[in-house]
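What follows is a set of notes on a single structure, which appears directly below.
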Amino acid sequence: MQYIIVGIGGQGILFAGKVLGAVALEKKQRVTGSEVHGMAQRGGSVISHFKTGDFISPLVRAGEADVLLAFDQNEGIRNLHFLREGGAFVVNVHDRSAFDNLKLKEFLEERRISLFPLEGYSLLKEHMGGNFLFLNVLLMGAMSGAGVGAPSLEDTAAAVKTLSPAKFEDANMKVLKLGYEAVVKK
């Protein structure tokens, strides 16, 4: 599997990569990746390349990613060129009208890209009092719920539990399940 994880600095992209890595290592899979490309400071553009399986290069080439996990819809749209034909786009959406763009719709349809939009900020506002710190785990749950070759909910939960600071463990488990259910119910 080849993943591209994108967003802006401070959204927990590195933690998401650590979770994917922990799941893969638990399953005795080889893990290769590039931690971060771009402006890693809070608010800057961040892209992480991540691969599980028999790959040598840590970078995902354009048109080869199986999954694009986007914590920010603008960064996700900007990095769609990484997705392979038939890939999956799991994205935190803050403005659904962006997906009404005819060229974007045509691109997704022509390449048979499966779109899994999640209104992450709205869900976190409703269920977590607006604590957006949990956006990364919410999106990891959505990716598991999408059933796109990503780690299962159980495997993701085990990794999140292991990697989470104790004070965030319960909240992370709640949010992971929330993200999963938001996609599965669609």
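Each residue of the sequence shown is one higher than the one before, starting from -4 at the first, in our numbering. C-beta atoms are modelled at their ideal positions from N, C-alpha and C, and glycine is treated no differently.
Contact between V86 and Q68 is confirmed by a C-beta separation of about 5 Å, below the 8 Å threshold. Taking 8 Å as the cut-off, the Cβ atoms of A57 and F84 do not count as close.
With fewer than 16 other Cβ atoms from the protein chains shown falling within 10 Å of its own Cβ, D165 counts as exposed.
For a cut-off of 8 Å, the C-beta gap from G174 to L113 is around 7 Å, short enough to register as a contact. Under the 8 Å Cβ criterion, the segment -2 to 18 counts as touching the segment 129 to 137, having at least three qualifying pairs. F66 is positioned such that its CB atom lies closer than 8 Å to that of L130. For I72, the enclosing alpha helix (DSSP H) has its first and last residue at 68 to 73. Listed in chain order, the non-local C-beta contacts of L118 below 7 Å within the same chain comprise L133, L173, A177, local neighbours out to five positions each way being set aside.
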